[in-house]
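Asker: Per our numbering, the very first residue in the sequence shown carries number 439; after that it's consecutive. Where a beta carbon is used, it is the ideal one built from N, C-alpha and C, also for glycine.
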Amino acid sequence: MAEIVNLRRERKRKQREEREVQADENRRLHGRTLSEKSETLNERLRKVRNLDGHRLDKS
Numbered sequence: 439m440a441e442i443v444n445l446r447r448e449r450k451r452k453q454r455e456e457r458e459v460q461a462d463e464n465r466r467l468h469g470r471t472l473s474e475k476s477e478t479l480n481e482r483l484r485k486v487r488n489l490d491g492h493r494l495d496k497s
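1. What first and last residue would you give for the alpha helix (DSSP H) that runs through LEU468?
2. Which of the three DSSP states is assigned to LYS496 in this structure?
3. Can you tell me where the alpha helix (DSSP H) with GLU481 in it begins and where it stops?
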């Protein structure tokens, strides 16, 4: 005889599993380490300083 299954619980369980799979994929695609984030920030700041250094003043 088949096991009785609560369909609402099964649906929620399946949705949780799908969300976890999606979260793993997003972490793999978009996740960056702290050093990568700080490197990007430093590079952005360096570019801004370089651009400001080459700016012509209005006289």
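Answerer: Put simply:
1. Checking the sequence shown, residue 468 turns out to be His, not Leu. Note, HIS468: alpha helix (DSSP H), 445 to 468.
2. coil
3. 472 to 491
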